[in-house]
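S.K.: Here it is, the structure, as structure tokens.
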């Protein structure tokens, strides 16, 4: 029995075995091919001539002996020449680059396999329907490494070969690497903790430029005060306010001391003018002094008001930022140990109803592209791992890793799209943080009673603005033995019916026909299941499956019998802190392709989509 080798145990292909006597360069290889072709032609022509000569000699000898070489005998000799010509063509085919080698390969899937860790597997299909996979990866030097996988007809792994430099050159010509590169990596994210910053911390973090301008005004006013009011020199020198010490706790007191000193000086000047015998010119000078003092005092008051406004603004920004972080999917999921998921309906009419931005002609592939490129406001639900809960109908969906929660409802809120970036219910307003936690986490006493009585949570709805996709999932069902089945346990039930039918059929033609139809239907289910993951993979999304208990596992693959291979279980915190969303350049690429298809119902929506893509 064949034992599947690991990536490290991969055998070398016969044509790739080391041959120390073989030419190494491309030029030498081409020269060798020409030599072999020329030699083959010479040998074939020589053999054909020998056949003709032999036939002539035989005919001459037979004539001398009084014998006749009949048509049958001649045919044998002629066939030898034909066979030689065919052999020549076969040899040329073997040693010459064929047309199919330079043609683009037929890509039928892009996936991963735990037997080939760190590799992306690009699957191809030839004209005979044989599936070959190329497990590709790059080493630390950035050079290609990988294996060629021959798949058996039942979908299992057959022989595995190590790929070599010549193989990689051919794969590049066939477009295999282009498919590999289409496996986008979701972007890294920095998750900021929600905390209310002080006025001064918020000023430094969010209003740095405005803070610098204020500091400059303060320095200029300080300079004017020092030049004009020598009597206040000691006070002003001890109240130096700059960009570095704006956060001093005594800044308000310093302004107060300046104003108090100015008031005292003004009173002294006023008394001197009223009691002293001054010349008209001296009196005028003193009046000007008072006027300048009052003017400087007004500037100080204005500057103080600006500073107060600046810190009030910083405080408002800090509180808004705190609210924004607390309603972000990352922190909502972590706080409530829940996944936020967006289900995609299998029914085109239901999926693209009157509330949708896109028309009925949009495919599921278009829906995925729109979500990834435009990050539109969408309706989603929360599920708790290990707890059953109702969801929108559909066999597949998206795990959301980022975004902002707007509205939230314990049930169906009947929200509808108001363009791409806005989704509301009739008269709805954004939920408070407290309400979001109650709805998403379902940890209240009422929720506990509901689950105890029904064995399941109901369907809730949250609006997610600017959603960032974490991964793609399909439904899976677990049987009593712990095996996982594609879509639901009906896949297992159908397979068991087929097995029973085979046992009692007794080769009856009607039975055989029904069995054949049943097998075809079963494979349609399995292939449709695979296709969904292939579509998601080409768009760079990690793959998962979700059980009825709302547990989520890595998807490895589906076998022909409908059983699903899974990896490790996923947690809400891993989704909250992991990669999510596509980088801008990839979003733009997908968005441009989407805009060309013009799938939106309204022209203004098409224009809004164009603005979003142009802004990336």
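In my numbering, the protein residues as written are 1240 to 1855.
Idealized CB from N, CA, C, for every residue including glycine.
Does the Cβ of residue 1391 have 16 or more other Cβ atoms within 10 Å, making it buried, or fewer, making it exposed?
M.R.: Exposed, because fewer than 16 other Cβ atoms sit within 10 Å of the Cβ of residue 1391.
S.K.: State whether the segment 1698-1707 contacts the segment 1574-1586, with contact taken as three or more CB pairs (one from each stretch) at a distance under 8 Å.
M.R.: Output reads yes: the segment 1574-1586 touches the segment 1698-1707.
S.K.: According to the Cβ coordinates, are residue 1564 and residue 1432 closer than 9 Å?
M.R.: Closer than 9 Å, so yes.
S.K.: Check this for me: beta carbons of residue 1611 and residue 1834, under 9 Å apart or not?
M.R.: Cβ distance not < 9 Å, so residue 1611 and residue 1834 don't count as in contact.
S.K.: Cβ atoms of residue 1620 and residue 1714: under 9 Å apart, would you say?
M.R.: No, they are not a contact pair.
S.K.: On the DSSP bridge assignment, give the partners of residue 1785 in chain order.
M.R.: The partner list for residue 1785 (beta bridge, DSSP) reads 1714 and 1791.
S.K.: Going by the DSSP bridge assignment, what does residue 1581 pair with across the sheet?
M.R.: 1637, per the DSSP bridge assignment.
S.K.: Might you give, ordered along the chain, the residues of its own chain that have their beta carbon closer than 7 Å to the beta carbon of residue 1795, omitting 5 neighbours on each side?
M.R.: These residues qualify, in order along the chain: 1352, 1353, 1804, 1805 and 1806.
S.K.: From 1819, 1575, 1726 and 1720, pick the residue whose C-alpha is nearest to that of residue 1811; which is it?
M.R.: Ranking 1819, 1575, 1726 and 1720 by Cα distance to residue 1811 puts 1575 first.
S.K.: Put residue 1387 into one of helix, strand or coil per three-state DSSP.
M.R.: DSSP places residue 1387 in strand when its eight states are reduced to three.
S.K.: Return the CA-CA distance between residue 1402 and residue 1374, expressed in angstroms with no decimal places.
M.R.: Spanning the two alpha carbons is a distance of roughly 9 Å.
S.K.: Please say whether residue 1568 and residue 1815 have beta carbons closer to each other than 9 Å?
M.R.: Yes.
S.K.: Would you check if there are 3 or more beta carbon pairs closer than 8 Å linking the segment 1694-1704 to the segment 1646-1655?
M.R.: Touching, yes, given that three or more Cβ pairs across the two stretches are closer than 8 Å.
S.K.: In terms of DSSP beta bridges, what is residue 1377 paired with?
M.R.: DSSP output for residue 1377 lists 1383 as bridge partner(s).
S.K.: Can you tell me the Cα-Cα spacing of residue 1837 and residue 1600, whole angstroms?
M.R.: One C-alpha to the other measures close to 10 Å.
S.K.: Are the beta-carbon atoms belonging to residue 1718 and residue 1731 less than 9 Å from one another?
M.R.: Yes, Cβ-Cβ distance for residue 1718 and residue 1731 is below 9 Å.
S.K.: Note down, in chain order, each residue of its chain lying with its Cβ closer than 6 Å to the Cβ of residue 1430, except the 5 sequence neighbours on either side.
M.R.: Hits under 6 Å: 1569 and 1816.
S.K.: Helix, strand or coil: which one does DSSP assign to residue 1229?
M.R.: The structure shown does not extend to residue 1229, since the chain is modelled only from 1240 to 1855, so the question has no answer here.
S.K.: Does residue 1563 come out as helix, strand or coil in the three-state DSSP assignment?
M.R.: In the structure shown, residue 1563 sits in a helix (DSSP, three-state: H, G or I).
S.K.: Suppose the cutoff is 8 Å on Cβ atoms and the five residues either side in sequence are ignored; what does the same chain contact list for residue 1595 look like?
M.R.: So the list reads 1656 and 1840, once near-sequence residues are dropped.
S.K.: How would you write the range of the beta strand (DSSP E) that residue 1724 sits in, first residue to last?
M.R.: 1723-1725 is the extent of the beta strand (DSSP E) around residue 1724.
S.K.: Under a three-way DSSP split, which group does residue 1804 fall into?
M.R.: It is a strand residue.
S.K.: Going along the chain, which residues of its own chain have a beta-carbon closer than 6 Å to the beta-carbon of residue 1679, five neighbours each way excluded?
M.R.: Around residue 1679: 1571, 1575, 1577 and 1621.
S.K.: Taking 6 Å as the limit between beta carbons, can you name the residues of its chain near residue 1425, skipping five residues before and five after?
M.R.: Excluding positions up to five away in sequence, the list reads 1818 and 1819.
S.K.: Quick test of your reading: residue 1616 and residue 1660, contact by CB under 8 Å. State the CB separation rounded to the nearest angstrom.
M.R.: Indeed, because the Cβ distance is near 6 Å, the residues count as touching under 8 Å.
S.K.: Applying the criterion that 16 or more other CB atoms from any shown protein chain within 10 Å of the CB defines a buried residue, is residue 1389 buried or exposed?
M.R.: Looking at its Cβ environment, which holds fewer than 16 other Cβ atoms inside 10 Å, residue 1389 is exposed.
S.K.: Would you grab the beta carbon distance between residue 1450 and residue 1437 for me? Rounded to a whole angstrom, and I think it's under 8 Å.
M.R.: Not a contact, Cβ separation roughly 14 Å.
S.K.: Taking its Cβ as the centre, do 16 or more other Cβ atoms sit within 10 Å of residue 1260, making it buried, or is it exposed?
M.R.: At residue 1260, the pLDDT of 40 sits below 50, so the modelled position is not reliable and the matter cannot be decided from this model.
S.K.: Quick check on DSSP: helix, strand or coil for residue 1485?
M.R.: Residue confidence for residue 1485 is low, a pLDDT of 48 falling below 50, so the modelled location carries little weight; the figure read from the coordinates is stated next. Coil, per DSSP.
S.K.: Please determine, among 1737, 1614 and 1669, the residue with the shortest C-alpha to C-alpha distance to residue 1642.
M.R.: Closest option to residue 1642, Cα to Cα, is 1614.
S.K.: Just how far apart, CA to CA, sit residue 1670 and residue 1800?
M.R.: Approximately 46 Å, taken between the alpha carbons.
S.K.: Take residue 1188 and list the residues in its own chain whose beta-carbon comes closer than 6 Å to its own, dropping the five residues that flank it on each side.
M.R.: The structure shown has nothing for residue 1188, since the chain only spans 1240 to 1855.
S.K.: List, from N- to C-terminal side, the beta strand (DSSP E) runs of 3 residues or more that fit wholly inside the segment 1750-1787.
M.R.: Qualifying beta strand (DSSP E) stretches, in chain order: 1782-1785.
S.K.: Measuring CA to CA, which of 1607, 1681 and 1355 is closest to residue 1387?
M.R.: Ranking the options by Cα distance to residue 1387, first place goes to 1355.
S.K.: Measure the alpha-carbon distance for residue 1647 versus residue 1721 and round it to whole angstroms.
M.R.: Going by the C-alpha atoms only, they are around 35 Å apart.
S.K.: Starting from residue 1743, trace the alpha helix (DSSP H) both ways and give me its first and last residue.
M.R.: 1729-1743 is the span of the alpha helix (DSSP H), which, as asked, contains residue 1743.
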